[in-house]
Amino acid sequence: MAMFFDPFREFDRVAGELLDSRQGPRLMPIDLYRDGDHYVLNADLPGIDPGSVDIDVDGQLLSIRAERTPRSQAGVKWITRERNAGSFLRQFNLGQGIDTTAISANYENGVLSVVIPVSEKAKPRKIEVQTSSGPTAVETHAETTGGSTTTESATA
Numbered sequence: 006m007a008m009f010f011d012p013f014r015e016f017d018r019v020a021g022e023l024l025d026s027r028q029g030p031r032l033m034p035i036d037l038y039r040d041g042d043h044y045v046l047n048a049d050l051p052g053i054d055p056g057s058v059d060i061d062v063d064g065q066l067l068s069i070r071a072e073r074t075p076r077s078q079a080g081v082k083w084i085t086r087e088r089n090a091g092s093f094l095r096q097f098n099l100g101q102g103i104d105t106t107a108i109s110a111n112y113e114n115g116v117l118s119v120v121i122p123v124s125e126k127a128k129p130r131k132i133e134v135q136t137s138s139g140p141t142a143v144e145t146h147a148e149t150t151g152g153s154t155t156t157e158s159a160t161a
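For the sequence shown, position 101 (counting from the first letter as 1) is numbered 106 according to my numbering, and the numbering increases by one without interruption.
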């Protein structure tokens, strides 16, 4: 197997790790999207033991923590080692329109999927308006974005 080795690239990587003042939680790339009445957060955590994943909700703050332990290979000479071991942490502000009691998570093939449902009070609903000539339906639509809720209504 032919392999290109650039000693300066390796030196830059090692110097970056040694001089990095962050030395804290590692990067955890995510995708977040809304699908109907829930949000789906997918986080890449390859090589993580599912037992080390911790998901906590404190008020409106969702925290995801994970730990990748180094695999010791006694007697081997590393050519390159780019998969860092250590702690991973991401925190998300959920906003007011989230049902924090119904959040669920699944870890499969190195991807952590967290399903975050929208609360019932933030979902669209019909409200009946009483008039002297009889009931009239009014549809309201509440939408939560970035922690604030906006409400639109139209009379029929």
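Positions of the beta carbon are idealized from the N, C-alpha and C atoms, including for glycine.
Query, Result
"Using alpha carbons as the reference points, say which of Gln96, Phe97, Ile103 lies closest to Pro122.", "Ile103"
"Starting from the Cα of Asn47, find the closest Cα among Val119, Thr136, Ser124, Arg73 and give me that residue.", "Val119"
"Report the three-state DSSP secondary structure of Lys131 (helix, strand or coil).", "strand"
"Would you kindly work out how many angstroms separate the C-alpha atoms of Leu94 and Ser77, rounded to a whole number?", "23 angstroms"
"Going by beta carbon distance, what residues of the same chain come within less than 6 angstroms of Glu72, once the five residues before and after it are set aside?", "Ser57, Ser92"
"Quick one: is Leu37 buried, meaning 16 or more other Cβ sit within 10 Å of its Cβ, or exposed?", "exposed"
"Below 8 angstroms between beta carbons: does that hold for Gln96 and Leu117?", "no"
"Report back the beta-carbon spacing between Arg86 and Gly52 to the nearest angstrom; my notes put them in contact at under 8 angstroms.", "Wrong, their Cβ atoms sit about 13 angstroms apart, outside the cutoff."
"Give me the DSSP bridge partner(s) of Gly102.", "Note: Gly102 sits in no beta bridge, so no partner."
"What does the Cβ neighbour count give for Leu50, buried or exposed, with the cut at 16 atoms within 10 Å?", "buried"
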